[in-house]
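Asks: The structure under discussion is supplied below as structure tokens; questions concerning it will follow.
Residue numbers (this note's numbering), protein chains in the order written: chain F, 4 to 439; chain Z, 6 to 130.
Written as structure tokens, this is what we have:
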């Protein structure tokens, strides 16, 4: 595996916590020195508000901030920086769409999500259902964790105005076949919001190849600081929506009678943004691009292929959605990194055939062990320096679907190695000793 | 990480062999509480003597080690206590019973039984 222990050296947290086995990147990711340095440079060298300053450091700050926006554009191959809106996180991004696009819906309309969604792609739509009286439908999941795409045609009736679905589940690690969903939704006249919070950090995502209408993701899950996220939206759609939050920066003119809105993307960026975090986000993207998102995804798939059989070998342990996909075909994306594919329409490996039969699967493992409570599993692992998460992972309907109140979840990113997986397995064996 | 494991022998003992486990049909007070975040749930049953002290107590439920152990230890503690004294028990009493520092994230587990018992002496059925 190319991503050796060398990557860990880039992350200062391992110096402060030697021996830390961090397996909770689906909750938040660790930060490389380059990201911390980029934030510090803003705070020490050119601390100024963005967009309207006439003096040197204000110009520098604006260049860095808008420079980060351009990096995001390139990362997901969006057509224009007008389509890249900085928010606080993916949750704020989905709330933005629900509270603008959703406000046009009425009693005869419908929204389609899935029963596997994270609460951030669940609750904003429930609010719209309750406020606007429209219908909220849930595409079911099969017992193996895949979306029941066979049920899609019946649920995608002409009155469905928006479909919202995660590209990769934060519990199951399964990559959903969003391309099929997008194609069918568009044929039906519906727009599609993709929740990329778990996927964008792990694999090349090309919004134009997918033809996604909206994509939401968070910086803190992809090596960037907390407090910065993205809403991608097609320019024509965003132009048509009213602002979400109102305040400074998002206007052209304000009088006692009313206001006119700034152009994209600033129409949707009210108030002083998380400038330092956005600049850190730019550095995180640089760091990931140096590794190459194809390589990041390969690493995640390799860790999944390594971990799942070892996990399933533990007596009484079941991984939710634990079936491994068949080995991938050898053909790779010509350009090496999906995000530099330019106008190329070919989907990067994890999105080819994802969900059609053998679904691609990331390095997220939510599991149960007969007779052991997730709290006990998580705490005993924690006492050995292995960080995992126990609970419902902000996906209670998903857990209810499987008849479980909670699970224990381990999740990986670029700094994880097979040694980390080995420590997890050894820790789980220790759980059995303690609880016996 | 914690300097001392939460999984001490006394806690594990109460988890494996909970005291006063079972139902009390016809109990004067019976409460049910659950924590939907993790699936822990507990039922407490209380009977009082003529002086208003806890004469008999049972509990059933499912949960993590801390939830079960704390409920078990609590059930022993409240025997013979007046309702007023039971109502005064706090989360620090629970921590004292457990005898080890509880990770703040697990405090809700430790106090689930206490909440159920408070509900019971408060007169709710």
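For each residue, glycine too, the CB sits at the ideal point set by N, CA and C.
Of all the CB atoms in chain Z, is at least one closer than 9 Å to the CB of residue 303(F)?
Replies: As a position in the first chain, residue 303(F) is number 300, starting the count at 1. Judged by the 9 Å Cβ criterion, residue 303(F) is not in contact with chain Z.
Asks: I'd like the ranges of any beta strand (DSSP E) spanning at least 3 consecutive residues and lying wholly in the segment 55 to 143 of chain F.
Replies: Correct list: 87 to 90, 113 to 117, 138 to 142.
Asks: Alpha carbon to alpha carbon, how far is residue 176(F) from residue 292(F)?
Replies: Residue 176(F) sits at position 173 when you count from the first residue of the first chain. Residue 292(F) sits at position 289 when you count from the first residue of the first chain. The straight-line gap from Cα to Cα measures roughly 22 Å.
Asks: Taking any Cβ of chain Z, which residues in the segment 373 to 402 of chain F have a Cβ under 8 Å from it, in chain order?
Replies: 376, 377, 378, 379, 382, 383, 385, 386, 387, 388, 393, 394, 395, 399
Asks: Could you run through the segment 404 to 420 of chain F and flag, in chain order, every residue whose CB is less than 7 Å away from some CB of chain Z?
Replies: 408, 409
Asks: How far does the alpha helix (DSSP H) with residue 45(F) in it reach, from first residue to last?
Replies: Position 42 of the first chain, counted from the start, is the residue given in the question as residue 45(F). Per DSSP, residue 45(F) belongs to the alpha helix (DSSP H) from 36 to 48.
Asks: Would residue 50(Z) pass as an interface residue toward chain F - the criterion being a Cβ-Cβ separation below 9 Å?
Replies: What you label residue 50(Z) is simply residue 45 of the second chain in a count that begins at 1. No, residue 50(Z) lies away from the interface with chain F (no Cβ there is under 9 Å from its Cβ).
Asks: Since residue 3(F) contacts residue 140(F) with CB under 8 Å, what's their CB separation in whole angstroms?
Replies: Not covered by the structure: residue 3(F). The range shown for chain F is 4 to 439.
Asks: Alpha carbons only, please: which of 96(Z), 89(Z), 85(Z), 30(Z) is nearest the one belonging to residue 76(Z)?
Replies: Along the second chain, one-based indexing puts residue 76(Z) at 71. If we check each option's Cα against that of residue 76(Z), 96(Z) comes out closest.
Asks: Only counting the same chain, and skipping five residues up and downstream in sequence, which positions put a Cβ closer than 8 Å to that of residue 60(F)?
Replies: Along the first chain, one-based indexing puts residue 60(F) at 57. These residues qualify, in order along the chain: 48, 49, 50, 51.
Asks: With a floor of 3 residues, list each beta strand (DSSP E) that falls wholly inside the segment 370 to 435 of chain F, ordered by position along the chain.
Replies: List check, beta strand (DSSP E) in window: 392 to 394, 410 to 414.
Asks: Quick check: residue 365(F) and residue 148(F), are their CB atoms within less than 9 Å of each other?
Replies: In the first chain, counting from the first residue as 1, residue 365(F) sits at position 362. In the first chain, counting from the first residue as 1, residue 148(F) sits at position 145. For residue 365(F) and residue 148(F), no; Cβs fall outside 9 Å.
Asks: For the segment 420 to 438 of chain F, which residues have a beta carbon sitting closer than 7 Å to at least one beta carbon of chain Z?
Replies: 437
Asks: Looking only at its chain, what residues have a beta carbon closer than 7 Å to the beta carbon of residue 87(F), apart from the 5 residues adjacent to it on each side?
Replies: Position 84 of the first chain, counted from the first residue, corresponds to residue 87(F). Within the same chain, residue 87(F) has close Cβ partners 72, 75, 76, 81, 233, 235, 268.
Asks: Assuming the contact rule is C-beta atoms closer than 8 Å, residue 84(Z) and residue 59(Z) should be a hit. Round their C-beta distance to whole Å, please.
Replies: Counting from 1 along the second chain, the entry for residue 84(Z) is found at position 79. Counting from 1 along the second chain, the entry for residue 59(Z) is found at position 54. With 8 Å as the limit, residue 84(Z) and residue 59(Z) qualify as a contact, their Cβ atoms being about 6 Å apart.
Asks: Of all the residues that make up the segment 96 to 110 of chain Z, which are near chain F by a beta-carbon distance shorter than 9 Å?
Replies: 108, 110
Asks: Taking only three categories from DSSP, how would you classify residue 122(Z)?
Replies: The count along the second chain starts at 1 and reaches residue 122(Z) at position 117. Here residue 122(Z) sits in helix by DSSP.
Asks: Could one say the Cβ of residue 23(Z) lies closer than 9 Å to chain F's Cβ atoms, at least one of them?
Replies: In the second chain, the residue the question calls residue 23(Z) occupies position 18. Chain F, which has no Cβ nearer than 9 Å to the Cβ of residue 23(Z), makes this no.
Asks: Which runs of the beta strand (DSSP E) spanning at least 3 residues fall entirely within the segment 259 to 310 of chain F, listed in chain order?
Replies: 262 to 264
Asks: Taking 8 Å as the cut-off, does the segment 92 to 111 of chain F touch the segment 375 to 388 of chain F (at least 3 CB pairs, one atom from each stretch)?
Replies: no
Asks: Can you name the start and end residues of the beta strand (DSSP E) that residue 211(F) belongs to?
Replies: As a position in the first chain, residue 211(F) is number 208, starting the count at 1. That residue, residue 211(F), is in no beta strand (DSSP E); its alpha helix (DSSP H) goes 210 to 213.
Asks: When burial is assigned at 16 or more other CB atoms within 10 Å of the CB, is residue 40(Z) buried or exposed?
Replies: For the purposes of this step, residue 40(Z) is taken as residue 35 along the second chain, with counting starting at 1. Buried, because 16 or more other Cβ atoms sit within 10 Å of the Cβ of residue 40(Z).
Asks: Using the C-alpha atoms, what's the distance from residue 80(Z) back to residue 33(F)?
Replies: Within the first chain, the letter at position 30 stands for residue 33(F). Within the second chain, the letter at position 75 stands for residue 80(Z). Between residue 33(F) and residue 80(Z), the C-alpha separation is close to 43 Å.
Asks: Helix, strand or coil: which one does DSSP assign to residue 20(Z)?
Replies: Sequence index remark: in the second chain, residue 20(Z) carries index 15 (1-based). In the structure shown, residue 20(Z) sits in a helix (DSSP, three-state: H, G or I).
Asks: Which chain A residues are close to residue 10(Z), counting only those with a beta carbon under 7 Å from its beta carbon?
Replies: Judged by its chain identifiers, the structure shown contains no chain A, and its protein chains are F and Z.
Asks: Evaluate contact between the segment 15 to 32 of chain F and the segment 403 to 417 of chain F, counting only Cβ atoms and requiring at least three cross-stretch pairs below 8 Å.
Replies: yes
Asks: Strictly below 7 Å CB to CB, what residues from chain F border residue 44(Z)?
Replies: Taking the first residue of the second chain as 1, we reach residue 44(Z) at position 39. Chain F residues near residue 44(Z): 408, 409.
Asks: Roughly how many angstroms separate the alpha carbons of residue 31(Z) and residue 65(Z), rounded to a whole number?
Replies: For the purposes of this step, residue 31(Z) is taken as residue 26 along the second chain, with counting starting at 1. For the purposes of this step, residue 65(Z) is taken as residue 60 along the second chain, with counting starting at 1. Spanning the two alpha carbons is a distance of roughly 15 Å.
Asks: For residue 150(F), which residues does DSSP report across the bridge?
Replies: Locating residue 150(F) in the first chain gives position 147, counting from the first residue. DSSP, once it has assigned bridges, lists 144(F) as partnering residue 150(F).
Asks: Cutting at 8 Å between CB atoms, please list the residues of its own chain near residue 58(F), excluding the five before and the five after it.
Replies: In the first chain, counting from the first residue as 1, residue 58(F) sits at position 55. Excluding sequence neighbours, residue 58(F) sits near 51.
Asks: In whole angstroms, give me the CA-to-CA distance for residue 136(F) and residue 237(F).
Replies: Reading the first chain from its first residue, position 133 is the one you call residue 136(F). Reading the first chain from its first residue, position 234 is the one you call residue 237(F). When rounded, the distance between both Cα atoms is 27 Å.
Asks: If you follow the alpha helix (DSSP H) that residue 82(Z) is part of, which residue opens it and which one closes it?
Replies: For the purposes of this step, residue 82(Z) is taken as the residue at position 77 of the second chain. 70 to 83 is the span of the alpha helix (DSSP H), which, as asked, contains residue 82(Z).
Asks: Go ahead and pull the three-state DSSP assignment for residue 39(Z).
Replies: Stepping through the second chain from its first residue, residue 39(Z) is reached at position 34. Three-state result, residue 39(Z): strand.
Asks: If you reduce the DSSP assignment to three classes, tell me which class residue 205(F) lands in.
Replies: Taking the first residue of the first chain as 1, we reach residue 205(F) at position 202. Residue state for residue 205(F) is assigned as coil, using DSSP reduced to three classes.
Asks: With three or more C-beta pairs closer than 8 Å as the rule, is the segment 35 to 47 of chain F touching the segment 165 to 183 of chain F?
Replies: no
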